[in-house]
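Worksheet: the structure to be examined is printed underneath.
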Amino acid sequence: MSSLPPSQAAAAAYGCFHRLLLASTTVPARSGCVGRARRLTLALRCLPIAGHRLRSRKVACQAMTETESEGDGDKEEKKEFGDDASSPSVDSVAEANGPAESDSSIDNKKDETANAELLSSSDTVQNVDGDATSTNDVQENVEVIEVVSGSPLPGMKQQLDDSVRIPKATIDILKDQVFGFDTFFVTSQEPYEGGVLFKGNLRGKPAKSYEKITNRLQNKFGDEYKLFLLINPEDEKPVAVVIPKQTLQPETTALPEWFAAASFGIVTIFTLLLRNVPVLQDNLLSTFDNLELLKDGLSGALVTALIIGVHEIGHILAARESGIKLGVPYFVPSWQIGSFGAITRIVNIVRNREDLLKLAAAGPLAGFSFGFVLLLLGFILPPSDGLGLVIDPTVFHESFLVGGLAKLLLGDVLKEGTELSINPLVLWAWAGLLINAINSIPAGELDGGRIALAIWGRKISSRVSSLAIGLLGISALFNDVAFYWVVLIFFLQRGPIAPLSEEITDPESNYIGIGVAILLFGLLVCLPYPFPFDPSQLTDMDFNF
Numbered sequence: 001m002s003s004l005p006p007s008q009a010a011a012a013a014y015g016c017f018h019r020l021l022l023a024s025t026t027v028p029a030r031s032g033c034v035g036r037a038r039r040l041t042l043a044l045r046c047l048p049i050a051g052h053r054l055r056s057r058k059v060a061c062q063a064m065t066e067t068e069s070e071g072d073g074d075k076e077e078k079k080e081f082g083d084d085a086s087s088p089s090v091d092s093v094a095e096a097n098g099p100a101e102s103d104s105s106i107d108n109k110k111d112e113t114a115n116a117e118l119l120s121s122s123d124t125v126q127n128v129d130g131d132a133t134s135t136n137d138v139q140e141n142v143e144v145i146e147v148v149s150g151s152p153l154p155g156m157k158q159q160l161d162d163s164v165r166i167p168k169a170t171i172d173i174l175k176d177q178v179f180g181f182d183t184f185f186v187t188s189q190e191p192y193e194g195g196v197l198f199k200g201n202l203r204g205k206p207a208k209s210y211e212k213i214t215n216r217l218q219n220k221f222g223d224e225y226k227l228f229l230l231i232n233p234e235d236e237k238p239v240a241v242v243i244p245k246q247t248l249q250p251e252t253t254a255l256p257e258w259f260a261a262a263s264f265g266i267v268t269i270f271t272l273l274l275r276n277v278p279v280l281q282d283n284l285l286s287t288f289d290n291l292e293l294l295k296d297g298l299s300g301a302l303v304t305a306l307i308i309g310v311h312e313i314g315h316i317l318a319a320r321e322s323g324i325k326l327g328v329p330y331f332v333p334s335w336q337i338g339s340f341g342a343i344t345r346i347v348n349i350v351r352n353r354e355d356l357l358k359l360a361a362a363g364p365l366a367g368f369s370f371g372f373v374l375l376l377l378g379f380i381l382p383p384s385d386g387l388g389l390v391i392d393p394t395v396f397h398e399s400f401l402v403g404g405l406a407k408l409l410l411g412d413v414l415k416e417g418t419e420l421s422i423n424p425l426v427l428w429a430w431a432g433l434l435i436n437a438i439n440s441i442p443a444g445e446l447d448g449g450r451i452a453l454a455i456w457g458r459k460i461s462s463r464v465s466s467l468a469i470g471l472l473g474i475s476a477l478f479n480d481v482a483f484y485w486v487v488l489i490f491f492l493q494r495g496p497i498a499p500l501s502e503e504i505t506d507p508e509s510n511y512i513g514i515g516v517a518i519l520l521f522g523l524l525v526c527l528p529y530p531f532p533f534d535p536s537q538l539t540d541m542d543f544n545f
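Under UniProt numbering, the first residue of the sequence shown carries the number 1, and numbering increases by one thereafter.
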C-alpha cells in the first residue's frame, strides 16, 4: 500500500485547501518534523472556523495562488475555484510558465512552492480566525442591545419586521441633518423595537423644537417615519424616538367594531330601563315575564341616557377641533345605575398633552354641566304628577354634592327618618352625575386618568392612578358598584395610555384649572355627606358625648 505524501496529508487535515494542494503529486519529505508540525498546526487552526468554510476557502485560495491578481472580485474567485471546478496542478502551471525542466528541478520547485504556500496559508488562517472571532463578538453585542429597557413608549402596539428596521445610513442622516444644535443635540442612540431612541440635550421650547424636527424629517423622508419627543422614565430627561410609521398600525378586532358596540348598546338600553323600575330590581328573573313594566322606566332611562349622550358629544366636538380620531363608543351596561358610560378608543396619536386634556375634559365638563342643571331643576320644580317619589332623606348622605345641595335648597324639611316626596328628576340627574364622576376617576385610561396625565405628566399620573385604584379596591369591599368598576378598569381600562407625539410641554394654566375642577367635582359626587341634616340630632350627639 502506498502512503500519501506529506503535502496531501496536511491538505486533507484542514480540508478547506484540498482542491489546490491535491494537485501536487510528489513533494519530498525533507521538511521533516518542522514541516509536519507546521501542517499539524494548520490543521488545528482550521477546526474552529468550520462555520465559515466558504469565506475561509476564498481567502486562503487568494493567498496560495501566485498567478492571481490581488484585485480579482468574488465572481472570479467563484468561477476559478468553485465547488464543481477542479484546481490546476502544479505540473501544469510549470509547463505553462516556461520550457520543460528536469525532473529534479521540478521536484525542488514543487517542494519550495508547497512550503511557501503553507507558510502564507498559516498567516491567512490566522487572519480568518481573527475575523471570525471579531464577527462573533459584534453579533453578540447586537443581540445584547436589541431592545432598550425602560421603554418610553408604553402601550404602543407595533407590528415588528426586520424589513422595516431603520438602516444605519438613515440613522446618520437623522443625527446629522434632522436633529441639530438648535433643536435636539444627540449625544447617544440606542435601538428601540424597529426604531431608534436618541438621547441628548433639548434646545429651546419643546413644542417649537418638535415642529422643526418634524418638518426636517418630512422633508428628508416624507411620511415614512414618526417622531416622538418624550420624557425617559429612567432618568426624567427628554428623549427623541423615531419609529417607522408602518409599524404603528392600529389593532384589529375579530368582530367589526360597530357590531360589538351595537350589542353593548342594546344591553345598556335594557339596563337603563331596568334601573328605573324598582319592582323589577327586587327580582331580576321576573323581568322577562313582565317586560311591559319596562315602559315605566322610560322617562328615567331617557334622562340618564341624555346626560351620557351629552358627555359623548363633548368628546366628539373636542376631538374634531384637535384633529383626534375616535373609535365607536362602547356603552357599558350596569344593573346598579343603568350604565357606566362609554369606552371610546383614540385611534390616532394625540399631538400633545394640551390636546389630550381638551379631549378628556370635554366629556365630563359637558356631562357635569348638563346633569347639574337637571339636578337643580329637580329640587326646584314640583313633581309633574303632584305626588313625586317618596324616599328616605338618608339616601342623600351617599353624595357630598347632592346631600349638600339638598340641605341648601330643602332646608329644615330635610330630616333623617322623615319620608320626603321629591321630583324623580333628582334621582335621574344624580345617576347621570354619578356616571360622569366614575369616568372622572384619575385611573387608567378613564377620562380622569387622561386628565391626570395631561396635567402632571406620565410619572406622577401613574402614581395617582395606582392610588386611586387602591382606594377604589378598598371601597369595593363595602360597595358593589365600586367592585364592579374595579373589575372593569382592571380588564378594560387599566392602560397605559398610548404615547403622545410631544409629552414635554405643559398645557396652558386655564385648561389645567378646568381639569383640576373636573377631578374635584367628581370627587364631591362620589364622597359621602358626613353631616346630619337635622341640627337637633347633632346637638343630641354632643350632649350624649
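All C-beta atoms, glycine included, are put in the ideal place defined by N, C-alpha and C.
Inter-residue Cα distance where the pair is residue i and residue j
{"i": "Ile337", "j": "Thr271", "result": "8 Å"}
{"i": "Glu503", "j": "Gly444", "result": "17 Å"}
{"i": "Gly403", "j": "His397", "result": "6 Å"}
{"i": "Arg450", "j": "Leu217", "result": "29 Å"}
{"i": "Phe531", "j": "Val196", "result": "58 Å"}
{"i": "Gly323", "j": "Glu292", "result": "45 Å"}
{"i": "Asn219", "j": "Ile171", "result": "15 Å"}
{"i": "Ala498", "j": "Thr418", "result": "51 Å"}
{"i": "Glu234", "j": "Glu321", "result": "34 Å"}
{"i": "Pro278", "j": "Phe370", "result": "25 Å"}
{"i": "Ser134", "j": "Asp176", "result": "Because the pLDDT of Ser134 is 44, which lies under 50, any placement of that residue in the model is unreliable, and the number read from its coordinates should be weighed accordingly. So the alpha carbons of these two residues sit roughly 28 Å apart."}
{"i": "Pro383", "j": "Val426", "result": "10 Å"}
{"i": "Gly180", "j": "Lys212", "result": "10 Å"}
{"i": "Asp223", "j": "Lys245", "result": "7 Å"}
{"i": "Phe264", "j": "Ser334", "result": "11 Å"}
{"i": "Val481", "j": "Gly457", "result": "29 Å"}
{"i": "Pro329", "j": "Phe478", "result": "30 Å"}
When the options are compared against residue i, the one with the closest alpha-carbon
{"i": "Gly386", "options": "Phe533, Thr418, Pro424 and Gly371", "result": "Pro424"}
{"i": "Asp447", "options": "Pro496, Leu471, Gly473 and Gly194", "result": "Pro496"}
{"i": "Pro238", "options": "Thr505, Phe483, Leu357 and Phe379", "result": "Thr505"}
{"i": "Ser509", "options": "Ile422, Lys358, Leu389 and Val347", "result": "Lys358"}
{"i": "Val395", "options": "Leu527, Phe181 and Glu236", "result": "Leu527"}
{"i": "Leu409", "options": "Phe221, Pro191, Leu381 and Tyr192", "result": "Leu381"}
{"i": "Thr304", "options": "Asp223, Ile269 and Val328", "result": "Ile269"}
{"i": "Asp298", "options": "Leu389, Asn276 and Tyr210", "result": "The sequence given here places Leu at residue 298; Asp does not occur at that position. The shortest C-alpha separation from Leu298 is found at Asn276."}
{"i": "Val347", "options": "Leu500, Ile173, Ser339 and Tyr529", "result": "Leu500"}
{"i": "Tyr225", "options": "Val267, Trp258 and Val178", "result": "Val178"}
{"i": "Phe198", "options": "Phe221, Leu174 and Pro535", "result": "Leu174"}
Residue i vs residue j beta-carbon contact at 9 Å
{"i": "Asn436", "j": "His315", "result": "no"}
{"i": "Trp428", "j": "Leu376", "result": "no"}
{"i": "Leu453", "j": "Ser461", "result": "yes"}
{"i": "Ile518", "j": "Phe400", "result": "no"}
{"i": "Gly341", "j": "Ile438", "result": "yes"}
{"i": "Leu248", "j": "Ile166", "result": "no"}
{"i": "Asp392", "j": "Leu433", "result": "no"}
{"i": "Gly204", "j": "Thr187", "result": "no"}
{"i": "Arg353", "j": "Pro507", "result": "yes"}
{"i": "Ala431", "j": "Phe331", "result": "no"}
{"i": "Leu230", "j": "Phe184", "result": "no"}
{"i": "Ile422", "j": "Phe483", "result": "no"}
{"i": "Leu356", "j": "Phe533", "result": "no"}
{"i": "Leu326", "j": "Arg345", "result": "yes"}
{"i": "Leu227", "j": "Ala240", "result": "yes"}
{"i": "Ala406", "j": "Ala361", "result": "no"}
{"i": "Val486", "j": "Ile512", "result": "no"}
{"i": "Leu306", "j": "Leu273", "result": "no"}
{"i": "Pro442", "j": "Ser475", "result": "no"}
{"i": "residue 574", "j": "Tyr192", "result": "It is not possible to answer for residue 574, since the shown part of the chain is limited to 1 through 545."}
{"i": "Leu472", "j": "Ile489", "result": "yes"}
{"i": "Ile190", "j": "Lys459", "result": "Per the sequence shown, the amino acid found at residue 190 is Glu instead of Ile. Cβ distance not < 9 Å, so Glu190 and Lys459 don't count as in contact."}
Enclosing beta strand (DSSP E) for residue i [first to last residue]
{"i": "Glu321", "result": "Run containing Glu321: none in the beta strand (DSSP E); it sits in the alpha helix (DSSP H), Leu298 to Ser322."}
{"i": "Phe259", "result": "First-last for Phe259: Glu257 to Arg275, but that is the alpha helix (DSSP H), not the beta strand (DSSP E)."}
{"i": "Phe396", "result": "Here Phe396 belongs to no beta strand (DSSP E), and DSSP marks it neither H nor E."}
{"i": "Phe331", "result": "Tyr330 to Ser334"}
{"i": "Pro233", "result": "Careful: Pro233 lies outside any beta strand (DSSP E) and carries neither H nor E."}
Residue range of the alpha helix (DSSP H) that includes residue i
{"i": "Ile422", "result": "No alpha helix (DSSP H) holds Ile422; the beta strand (DSSP E) holding it covers Leu420 to Ile422."}
{"i": "Ser475", "result": "Arg458 to Ala476"}
{"i": "Phe221", "result": "Pro206 to Phe221"}
{"i": "Val481", "result": "Asp480 to Leu488"}
Just list the alpha helix (DSSP H) runs in the region 161-196, keeping only unbroken ones of 4 residues or longer that don't cross its boundaries, in chain order. The DSSP assignment places complete alpha helix (DSSP H) segments of no fewer than 4 residues inside the region 161-196 at 168-173, in order along the chain.
Which ranges would you report for the alpha helix (DSSP H) in the region 495-542 if only whole runs of at least 4 residues count? Listed in chain order, the complete alpha helix (DSSP H) runs (minimum 4 residues) inside the region 495-542 are 509-526.
Report the residue ranges of all beta strand (DSSP E) runs contained in full by the region 337-375; include only those spanning at least 3 residues, in chain order. Complete beta strand (DSSP E) runs here, min 3: 338-343.
Considering only residues of the region 401-453, which uninterrupted beta strand (DSSP E) runs meet the minimum length of 3 residues and lie entirely inside it, listed in chain order? Here the runs fully enclosed are 420-422.
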